[in-house]
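Protein chains in written order, with full-length UniProt numbering: chain A, 1 to 699; chain B, 1 to 156.
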Amino acid sequence: MVFSDAEMAVFLDELEEKIQILTDNLLLLEQSGEDDPKVLQEIFRAAHTIKGSSAVMGFTKMSSLTHEIENIFDKMRNNELKPTSSLINVLFEALDALKILRDEIVAENAEKYDTTEIIAKLKEAVAGKDVSVPAPKTTQSATEEFTAEEIEKIREFDLKGYQLYEIKVYLDPATVMKSVRAFIVLQQLRELGTVIKTVPAEELLVKSEEFSDFTVYLASGEDVDRLQNILLTISEVERVEINPKQVEDNLEIKKEQPGEEEVKATEVEGEKTASPEKTLTDFKAKTPAAASGEEKKVTQTVRVDVQKLDTLMNLVGELVIDRTRLLSVIDKLYNINRENNELVETLAEVSSHIGQITTDLQDVIMKARMLPIAQVFNRFPRMVRDLAQKLNKEVEFIVEGKETELDRNVIEVIGDPLIHLIRNALDHGIEPPEEREKLGKPRAGRLRLAAAYLENNIVITVEDDGRGIDPNAVRRKAVEKGIISEREAEMLSDKEAIKLIFRSGLSTAQKVNDVSGRGVGMDIVKSQIEQINGEVQVESQVGKGTIFTIRLPLTLAIIRALLVEHQGQIYAFPLNFVQETLIAGKEELRKVQDYDVMLLRGKVLPLISLSNLFNLPEEQEQKEWYFVVILGTGNHRLGVIVDNLLGEQEIVIKSLGEYLGQVKGLSGATILGDGRIGLIIDARGILQENEIGELNVAV
Amino acid sequence: MAENLTNKSEAQIVIFTLNQQQYGVDIAKVYEIIRMTDITKIPNTPYFVEGVINLRGKIIPVIDLRKRLGMPEVERDKATRIIVVDVDGITVGMIVDSVMEVFRLNDVEIESTPSIINDIDSAFIQGIAIKDERMIILLDLNRVLKGEEKEALANL
């Protein structure tokens, strides 16, 4: 059976979600050490869903692997197995195998990975403790389980006032083409409502002859009688049983009294009687997540192609430009037409309203492009666990602000630097438990990963309570590696010394291991973060721990910029690189070793004029004073001399077009209110390009 | 390419002038023809790149076709036009001396050997159309916009 791309995408999405649920809950299970029935249920269901959907899609290895996983949790649920650490390890291994299979399916739509070994392990794990407790296979309840999506659908329809029916259709056993009959029944039902699911699954139903009855879950506005009458008109339908099912919003209640929800066909809608033999276990499954307040609230979503969002964003960008233009036109009108202002005022009113709407629109679309950082954060608990185990360390890993939303472009890049920082914290920061005890610290180190909004930025912190960074060790290392001279090292404050870790070729770890390599880490972390217009800072205290703070913009498409004028053209400096602007008298400009510099608060500031930067003709006239824009990241600063400062403005970044590609010194262009083009200066590139070593000047 | 043009019975070309010579480009590749407008200069680009223009909210690079083809520069006047072309998704404006007309190619002879031309590099020429004793040089836009110069541009 060939599945469409859309079906495949749904399958993979679901798979992704379920694997995450498995990982999360397995970690929970390990931490609590108890077989919490809620957690077990959640895992069991996730495994069960994967098993089912992968079987439908024809991925047999995945299906049989999850079958074994499911078996283990089934045993745990029934108290026949205990979650020992060896068992958990086997389960994690199985999860890894599952991920490999997933990757293979994504990459080549095939399962190549050999699962025999891991399946054998799982079987062993099941059998190992199985012998003592004979498995009295309790009769599986006849009710079928719903997937999370199905439950969501059901709730959606419930909210709209539709009733969920469980319809059992009995065909005449002599029916020749049962699949066709089933198909006709489903067709009929689809005209009357929405089919949530069928048992057996529809895919099987329409190609098999091995059944004489089947169940359909239908959300419909019709009543029982009408459904029954219509179904019975279909030939060879022998008998139909229709049971309305009740969905309650309050899941807590359901968990405690699972028997209450069933409603017999004969009863008036809405009234309930207890019928313990047929329960709504299906809905119960939702309970653990909902009860524990996790992010699974029911939201209605539509999948949208990212390109469409990008286009929308561009269109809004145009609107933003026109809004600015409109404002400047109105300004001019005011000036021309001072007496009769009525029309102009109406225009101003309308334009201010349009401005407001544009701002809101921009906001909404920006938000639509955002994803919760959970996408990145979710993979860390498992990573931390594995690393800690490998390094023989104990760690309490705290994750905060998972729900914080970031532009998807930022999300794509931020994962790697975070991995580096977390690895470093575990490897170099947090001490082994014995050492910590001696120091009077708790055995388990504390590693905190948090994301939060701060002004127009997102701030991510990675914090540990480990050894901290020893500024002297960094100084020594930096001198040893020839990054700075001994004299320079002495002159650095502790804070400045610690910042040296962001220079390439510096790693203070004594041993090189496979956890945190050879000192190629931190400079890469820094440059990756700067790539998305972010910045990273470090604070550390020996013996107390280290905090890395990453500041990121909310979006990459619109930035605040400082506009300047130079030789009749307008340039925009991204504001996050502008430290300050100032006016310097010509006597303040000096030359040191062929470099233009000036002294700023006792420090040497290298200078370059925009003309030099862009090889524009040098202006001849000597000015009395100059405007200087000071760009900087961390310690490194550069003053850029420009003709005129114009002010700050929000600008939409546009590319210079494929024909020109990357132009040195520029990161794009923007269209200003008056229709002119402003060139956006690649501040980061210029800073790097013009990085001059520490100048040794007598001050 | 030249053969392709002759086979298409309804192929049309836009005719423009450069240095008193008539040139033509396939109308299918012409996006728009506009008057000379303010051009924002872009630093660190090849000599023939004039800069970028704002075409109704779109930023489009503009090249000086005289410079691109190695002809002497002239003062721009009222007749100067920018022909905005789109070749494989790459949009570029080309400054030309003037735009004359559009005409059909079906009743025109095409010569593919441009041996008689020495005004410009023959690499940029796709063929030559001759009609009523007029000679129109058909430009190979792919070469004009990409060619090796494009790579040199990328390496800058």
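Note that beta-carbon positions come from the ideal geometry of N, C-alpha and C, so glycine has one too.
Any C-beta of chain A under 8 Å from that of residue i
i, result
"P61/B", "yes"
"T40/B", "yes"
"G57/B", "yes"
"I90/B", "yes"
"V49/B", "yes"
"V30/B", "no"
"L43/B", "At residue 43/B the sequence reads Pro, which differs from the Leu that was named. Chain A contact via Cβ: present."
As assigned by DSSP and simplified to three states, the class of residue i
i, result
"A450/A", "strand"
"M94/B", "strand"
"T358/A", "helix"
"N25/A", "helix"
"D96/A", "helix"
"residue 718/A", "Look at the range of chain A in this structure, 1 to 699, and you will see that residue 718/A is not part of it."
"V474/A", "helix"
"M36/B", "coil"
"E400/A", "strand"
"F548/A", "strand"
"N622/A", "Before going on, a small fix: residue 622/A reads as Gln here, not Asn. Q622/A: coil per DSSP, three-state reduction."
"D103/A", "helix"
"S655/A", "coil"
"D132/B", "coil"
"S493/A", "coil"
"D172/A", "coil"
Interface flag, residue i vs chain B, CB-CB below 8 Å
i, result
"V663/A", "yes"
"residue 720/A", "Because chain A spans 1 through 699 in this model, residue 720/A falls outside it and cannot be assessed."
"F614/A", "yes"
"A669/A", "yes"
"Q541/A", "no"
"I686/A", "no"
"I321/A", "yes"
"G355/A", "no"
"Q307/A", "no"
"N696/A", "Note that N696/A scores a pLDDT of 46, beneath 50, so its modelled location is shaky; the value from the coordinates is reported in the next line. Closer than 8 Å: no."
Same chain, Cβ closer than 8 Å to residue i, five either side skipped, listed in chain order
i, result
"R408/A", "V306, R369, M370 and L371"
"I234/A", "R181, I184, V185 and Q188"
"I39/B", "E50, G51, V52, I53 and V62"
"A97/A", "L65, Y113, T115 and I118"
"H420/A", "S516, G521, M522, I524 and V525"
"I677/A", "I570, A669, T670 and I671"
"E294/A", "Note that E294/A scores 41 on pLDDT, short of 50, meaning its location in the model is unreliable; the coordinates nonetheless yield the value given after this. Same-chain partners within the cutoff: there are none."
"N341/A", "Y334"
"Y47/B", "K67"
Where the beta strand (DSSP E) through residue i begins and ends
i, result
"L600/A", "Y595 to L600"
"D26/B", "Q21 to D26"
"F214/A", "D213 to S220"
"Q12/B", "Q12 to L18"
Bounding residues of the alpha helix (DSSP H) (the contiguous stretch that carries residue i)
i, result
"T324/A", "V306 to I336"
"Q41/A", "P37 to M57"
"N457/A", "That residue, N457/A, is in no alpha helix (DSSP H); its beta strand (DSSP E) goes N457 to D464."
"T66/A", "T60 to R77"
"V87/B", "Counting along the chain, V87/B falls outside any alpha helix (DSSP H), though it belongs to the beta strand (DSSP E) covering R81 to V87."
"H428/A", "Element bounds for H428/A: n/a, residue is neither H nor E."
"S179/A", "K178 to L192"
"S208/A", "It is not in any alpha helix (DSSP H) - S208/A carries neither H nor E in the DSSP assignment."
7 Å CB neighbourhood of residue i in its chain, flanking five on each side removed
i, result
"E236/A", "L171, D172, T175 and R181"
"A388/A", "E394, V395 and L426"
"E85/B", "According to the sequence provided, residue 85/B is Val. The question's Glu does not apply to it. Excluding residues within five positions, the ones whose Cβ falls inside 7 Å are V25, K29, V30, Y31, V92, M94 and L141."
Proximal residues to residue i (C-beta, below 6 Å), its chain only, five neighbours per side dropped
i, result
"L27/A", "P381"
- Are there three or more Cβ pairs, one per stretch, closer than 8 Å when the region 201-217 of chain A is compared with the region 168-178 of chain A? yes
- Task: Please confirm if the region 610-629 of chain A is in contact with the region 570-588 of chain A, defined as three or more CB-CB distances below 8 Å between the two stretches.
- Result: yes
- Query: Does the pairing of the region 345-364 of chain A with the region 307-324 of chain A give three or more beta-carbon distances under 8 Å?
  - Reply: yes
- Message: Could you check whether the region 71-80 of chain B touches the region 128-144 of chain B, counting it as contact only if at least three pairs of C-beta atoms, one from each stretch, sit closer than 8 Å?
- Response: no
- Cβ pair count under 8 Å reaching 3, the region 24-33 of chain B against the region 639-653 of chain A: no
- Hey, is the region 561-576 of chain A in contact with the region 585-605 of chain A, meaning 3+ C-beta pairs nearer than 8 Å? no
- Given 8 Å, three or more beta-carbon pairs between the region 591-604 of chain A and the region 548-555 of chain A: no
- Message: Under 8 Å: do the region 95-104 of chain B and the region 13-20 of chain B share three or more Cβ pairs, one atom per stretch?
- Response: yes
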